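Everything in the sequence shown is counted per this note's numbering, starting at 6 for the first residue and increasing by one.
Heads up, the beta-carbon is just placed ideally off N, CA and C, and yes, glycines get one too.
Every value quoted in this text rests on a predicted model; they were computed, and no experiment measured them.
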Amino acid sequence: MTRHKVITVVWTIVGITIIEQLGFYIVNQNKLPSLTAHIDRSTHMDCSPDITCKYPEEVDLRIIVMTFNRPDSLKKTLQSLNDLKLDGDTGSLEIWIDRKLKAEKNGSGPKDTIDTDTVETALTFTWLNGQTRVHIHKTHVGIYGQWIDTWRPRRRSKELALFLEDDISVSPYAYRWLKAVHQKYGSRNDIAGYTLQSEEVHMASNGRPINRPRNDTVFLYKLLGSWGYAPHPKSWMEFQDWYHRVRNNTRFQPYVPKAALVTRWYKTFEMANKQNTMWTIWHVYYCNKFNMFSVYSNLNAVTKRSEILLAANRKEPGLHFPSKLPEHTDKLLHVWSDNYVTLPDHPQLYDFDGSRFKTD
């Protein structure tokens, strides 16, 4: 018997009843006899808008899938996660669905709407690697709320969270790589996180490709790669705290002269009143201010051939791409070699303009 009061029944689709509890929506498991993954609905979770979400248990890998209104794209992302190898570690899949602010027909003001096809796709998916939760934001939170507030690690947590937007497909070996680099570099005080992105890694100053090391399997770069990102738990907490302190200062501008191109993009969004679509500028500013880096893979240093990907952006139409563009899911890593995690003790460090820092 749940110890929390059910507030209201919202709707029913394909025989699945959604209930509202504790400021977010979860699945009534009794309506899903075929769903084998466990859906927790009895433990308190603090997941209100603008409050970073704390989960009741700690796992080795928590996957945060962020979606809105692309059910077909979401399905592809989720299907790729069923091939993910956890190597005996524990995992939890958290699917977060945002709402759209849509003007009322009578002009009385904005109204939160939800894409029911996306909800159905999330609720009917069975993840083979662990428990699943489906969260529907109580109000529209946008890309900022989806990224910044959906995972709050515990103090001294060993849990990794992998953030995936719903147009990303991952290699079966993505977690094996993440775990290895976190074990190798997690004790450093300058690590912001680990990215699965290795295509279209450009200088934040002018958009030119980074001149990657020839032989090292990884390198460190001040700019995060958001096409599959696993923030360092301690660094992420500190970033969240910093962001929530400064965001309400209307005179604060997160411009970074060294990251001239990225800053110019943000200014363009500001002029169009769309700055709420680029949360990464705040992370760029933070990493510049505190000299933080993200770890990138460089697997072709091992293979000596064309790019091998740990994650691929399918470039579906949506917030980032107005129309479908060519994707490279065929380049996802499907054959593992331990040489991929032969990691240098002193990886090369790159600034926003592609210049290298001296390493010991």
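Residue i versus the options, residue with shortest Cα-Cα distance
| i | options | result |
| --- | --- | --- |
| A235 | K294, Y180, N211 and D246 | Y180 |
| Q202 | N305, Y301 and P76 | Y301 |
| L89 | L348, W341, Q353 and R361 | W341 |
| F357 | W132, D92, N216 and W247 | N216 |
| D103 | T222, K239, H145 and A127 | H145 |
| L91 | L167, Y60 and A209 | L167 |
| N74 | E125, C52 and G93 | E125 |
| I148 | D221, T72 and R161 | T72 |
| R250 | Y260, H351 and W287 | W287 |
| F244 | A209, N296, L225 and D343 | N296 |
| E204 | K263, A317, L169 and S97 | A317 |
| V206 | L314, K59, I100 and P238 | L314 |
Assigned exposure category for residue i - 16 Cβ within 10 Å defines buried
| i | result |
| --- | --- |
| K184 | buried |
| S47 | The predicted model places S47 with a pLDDT of 34, which falls under 50 and marks its position as unreliable; any figure quoted below should be read in that light. The residue is exposed, with fewer than 16 neighbouring Cβ atoms inside 10 Å. |
| V289 | buried |
| L106 | exposed |
| S85 | buried |
| K227 | buried |
| P158 | buried |
| N220 | exposed |
| D55 | exposed |
| Y30 | Its pLDDT being 44, under 50, Y30 is placed unreliably in this model, and the value from its coordinates should be taken loosely. Buried. |
| G93 | exposed |
| R67 | buried |
Straight-line Cα distance separating residue j from residue i
| i | j | result |
| --- | --- | --- |
| D122 | L79 | 10 Å |
| Y345 | E62 | 31 Å |
| S299 | F130 | 31 Å |
| A265 | C292 | 15 Å |
| V70 | N87 | 13 Å |
| E312 | L304 | 7 Å |
| N194 | D172 | 31 Å |
| G28 | K143 | Here G28 scores only 38 on pLDDT, less than 50, and its place in the model is too uncertain to base an answer on. |
| Q258 | M276 | 13 Å |
| G230 | C52 | 26 Å |
| R213 | W232 | 18 Å |
| S210 | P177 | 33 Å |
| P349 | V223 | 8 Å |
| P352 | D120 | 44 Å |
| H43 | I100 | Here the model assigns H43 a pLDDT of 41, short of 50, so the residue's position is not dependable and the matter cannot be decided. |
Endpoints, alpha helix (DSSP H) assigned at residue i
| i | result |
| --- | --- |
| L66 | No alpha helix (DSSP H) holds L66; the beta strand (DSSP E) holding it covers L66 to T72. |
| W101 | That residue, W101, is in no alpha helix (DSSP H); its beta strand (DSSP E) goes G96 to I102. |
| G147 | G147 to I153 |
Span of the beta strand (DSSP E) around residue i
| i | result |
| --- | --- |
| S5 | As displayed, the chain neither begins before 6 nor continues past 365, which places residue 5 out of reach and without an answer. |
| T282 | Run containing T282: none; DSSP gives neither H nor E here. |
| Y301 | F298 to S302 |
| S174 | I173 to V175 |
| T137 | Q136 to H142 |
Item to complete: Flag this pair as touching only if the segment 126-137 and the segment 270-284 have three or more C-beta atom pairs under 8 Å; answer yes or no.
Response: Flag = no, the segment 126-137 and the segment 270-284 do not touch.
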